[in-house]
Each structure stands twice: as structure tokens, then as C-alpha cells.
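These notes are about the structure you will find just below.
Numbering (our numbering), first residue to last: 274 to 644.
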């Protein structure tokens, strides 16, 4: 069986986990709370539940109920960070705070602070309802979120072509009503902009958005004013970049006529993990068969797989390995099974190894090759 590549869990994610576990050990008599999932990994969060950590509930509007937190309690902030309002409320309650915020997220906050100092509007490449982006938005005076290149192109077209009284302002605000600051006015707040991002977004798309916005500003105001009216700083998490580059390389191997093609790529990570979802998009967009599973148990003994589609739908019962006769080469000899495997930044290494072990067992069972 041909191998693929797997990347170890991010050191910054491991830092957040270590801080959380250490807090449980350090304050054994205290009531511990956490304001959200620590990371988007069900196994890690289940362990915290088992250690009697209280996960703060939130309503349909993502408003959290802090009424259950009492003075002297210990409150952990997750790797995604927390909003300014949440931190102010916790400070007023006089609690002990254990901050596990990822340093890469803190870099984004520093970037949007620079935007505010320079009088720029923060254009955030991210999902406006994602925990990390919600925290980042709270650090901004004026912001707008674009979730992908299509939305960035819509914004850029408005910057270049919108005219007073043409009705486009109303359409723009209708489209971005939930994704911008309450006082946002596209006619004034897009004159000076800075780019930031949710650290788990697809880095190539962030770079494309950056190039688009830079060209748009130069076209509207001229190249001599680019430094005055546009600012960007790369804040894609290192662990995210490494994984995306690795999956790109797997896809290059698949497309290389001098190498055997991949049968499929397995991406292991939480179904609600943004960085893992973006890893799946890479092979899907390049036509490489691929599956996103959140744990090894998604690979079943009957050779079926439970996996998440790019659309977010979780499907069950799809066949994983082809039958031996489907894997024969033109001359009738068996074709070696060749797969790639990678994982989200917060996925435990053991879960990746367990998933690979299940595939090897199925491979032996169906006698596609000798391993």
C-alpha cells in the first residue's frame, strides 16, 4: 500500500490543550468553566467534559450565559479567543482567567489594531459567525467580513463602480448586513482598508483576495497612494499553511503522469473544524477523490465510510476501498492501493494513526494487495 503524508498536531494547539489540562490540575477544588469548545476536536472536548469543566451555553444568537459563573471561579478562554465584551464581563465578575488563545489569533488582533490606528477599515477574510472571527470583530472599530473570493470581488466591484444614488449601496448592505459593523457605510468606509483573516482560512484564497484588493485600491486611487490606503499582513497560522501545502503536494503527486495516481485522500478532523474543512476543499477542487472524517470510527468494517462533504452534509454508507478486480492494471496484475492522509491542526496524532490502521486492515481483508 502506498503512503501519503500526515502532519503532527500544531504546537500552538497543543499549547492550548496543555494549558487547559494544567488548569484542571492546578485548581482541583474550583468550579471550572470554558467559554466555548477549547478547539474543534470532539475527543479533546469530551475529555474536558469528563473532568467536570462546564461549557458555557449560548443561544441562537451566539450570546453566552455567564450568569452561572460566580466570583472566584476559574474560566478558560478557548484557543479561538473571546470577545472584548466577554472579557470585560469576566473581569467584572472577579474570576481567575486561564487564557489559551492561540498566538496566531493574537497576531490577527494586533493586525486589526494597526488598522484602527491607521484609520483603516478591517476587511476580514473569514466566516462572520465563527468563534475566532467574532473575537476579531470585537477588536475592530469598523470592519466587514468576506467569506470567500466571490464576496471580495463583489466588494471590489462596488469600490470601483458604485455611484451615488444608483441603488447599489442598499444592495450591498443587504448582502453584508450581518457581516459588518453596525455603523458601516460602504461609501466612506472602503476608502482606506486593511486585510486580516481568520487564521484557518485557505491561504491561497486569502492571498488572492489581498492581490485583488491591492489592485482595486491602485485602480481607484493610483499606485502612489497604496501605502496610505491599503495594508495587509500575513496571519494565516503556520500549522494551517503546512497542512494546505502538504495536501497540494499530494494532489500534485496524483496529477503527475510519472507517478501512480492516488486512490483517495483521507482528511481527519472535527466536522465543525474550519481548517479541516478547507483541507478537503483542495483535493475536491482538483478532482482527487477525498473523504473528511472526524474520527477513525467513521471507517467501518463493512468497507463503508461516514464522511462530511464540502457542503457540510454528513453522509453514511459510501464504499471506501474498491474490489480487487477494480484495482487491476491493464496487464491483470494487482494495483497497489495508494492513499494520502492528513489532518486538521487540532487532530490528535493517535486518531490519524487509528484511521490509517483501519484502512490497512480493510486492505488486507479485501486482499487488494499484500501489505
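In this text, a Cβ means the ideal position worked out from N, Cα and C, and glycines have one as well.
So which of the options has the shortest CA-CA distance to residue i?
i	options	result
residue 617	514, 398, 523 and 635	514
residue 346	461, 363, 456 and 555	363
residue 322	331, 307 and 334	307
residue 489	477, 479, 478 and 502	502
residue 621	353, 378, 318 and 356	318
residue 584	544, 298 and 354	544
residue 332	555, 402 and 320	402
residue 371	479, 393 and 326	326
residue 649	338, 375, 376 and 377	Nothing about residue 649 can be reported from this structure: the residues present for the chain run from 274 to 644 only.
residue 559	581, 520 and 550	520
residue 328	504, 588 and 305	305
residue 376	437, 508, 633 and 493	508
residue 324	335, 330 and 302	302
residue 561	546, 587 and 528	528
residue 320	294, 330 and 557	294
residue 437	448, 450 and 459	459
residue 482	504, 500, 510 and 498	504
residue 312	546, 588 and 494	546
residue 373	448, 336, 443 and 292	292
residue 510	496, 477 and 497	477
residue 451	334, 495 and 314	334
Here's the rule: buried if 16 or more other CB atoms are within 10 angstroms of the residue's CB, otherwise exposed. What is residue i?
i	result
residue 341	exposed
residue 310	buried
residue 598	Unreliable positioning characterises residue 598 in this predicted model, as indicated by a pLDDT of 49, which lies under 50. The coordinate reading is nonetheless provided below. Per the 10 Å Cβ criterion, exposed.
residue 365	exposed
residue 351	buried
residue 535	buried
residue 455	exposed
residue 525	exposed
residue 581	buried
residue 354	buried
residue 471	buried
residue 628	buried
residue 461	exposed
residue 290	buried
residue 299	exposed
residue 361	exposed
residue 500	exposed
Since residue i contacts residue j with CB under 8 Å, what's their CB separation in whole angstroms?
i	j	result
residue 469	residue 570	37 Å between Cβ atoms; not a contact.
residue 592	residue 577	6 Å
residue 409	residue 390	So it is not a contact: roughly 16 Å between Cβ atoms.
residue 457	residue 415	6 Å
residue 465	residue 392	6 Å
residue 285	residue 398	Not really, about 20 Å apart at Cβ, beyond 8 Å.
Residues in its own chain within less than 6 Å of residue i by CB, not counting five upstream and five downstream?
i	result
residue 369	347
residue 453	417
residue 463	432
residue 548	473, 513, 617 and 618
residue 388	395 and 467
residue 420	400
residue 613	277, 523, 535 and 538
residue 631	569 and 572
residue 494	502
Can you list, in chain order, the residues of its chain with a C-beta nearer than 8 Å to that of residue i? Leave out the 5 residues immediately preceding and following it.
i	result
residue 287	none
residue 624	316, 541, 568, 569 and 616
residue 485	422, 425, 426 and 429
residue 344	366, 367 and 368
residue 635	572, 574, 576, 593 and 594
residue 531	none
residue 378	352, 353, 354, 405, 408, 409 and 472
residue 557	563 and 583
residue 587	544, 579, 580 and 581
residue 314	542, 543, 546, 617, 619, 620 and 621
residue 487	499, 503 and 505
Could you name the residues of the same chain whose beta carbon sits closer than 7 Å to that of residue i, not counting the 5 residues immediately before and after it, in chain order?
i	result
residue 441	431 and 435
residue 386	412
residue 553	540, 563, 565 and 583
residue 506	384
residue 475	517, 551 and 554
residue 356	407, 408 and 411
residue 296	305, 347, 349 and 371
residue 590	577
residue 626	none
residue 270	Only positions 274 to 644 of the chain appear in this structure, which leaves residue 270 out of reach.
For residue i, would you say it is in contact with chain B, using Cβ-to-Cβ distances shorter than 7 Å as the test?
i	result
residue 529	Considering every chain present, this structure includes no chain B. It has just one protein chain.
Secondary structure, alpha helix (DSSP H): runs of 4+ residues fully inside the region 402 to 457: 404 to 411, 422 to 434 and 441 to 448
Whole alpha helix (DSSP H) elements within the region 520 to 563, 4-residue minimum: Runs found: 547 to 558.
Inside the region 330 to 380 only - alpha helix (DSSP H) runs reaching at least 4 residues: 357 to 365
Start-end ranges of the alpha helix (DSSP H) lying completely within the region 457 to 505, minimum 4 residues: With a minimum length of 4 residues, the continuous alpha helix (DSSP H) runs that stay inside the region 457 to 505 are 459 to 462, 476 to 494 and 499 to 502.
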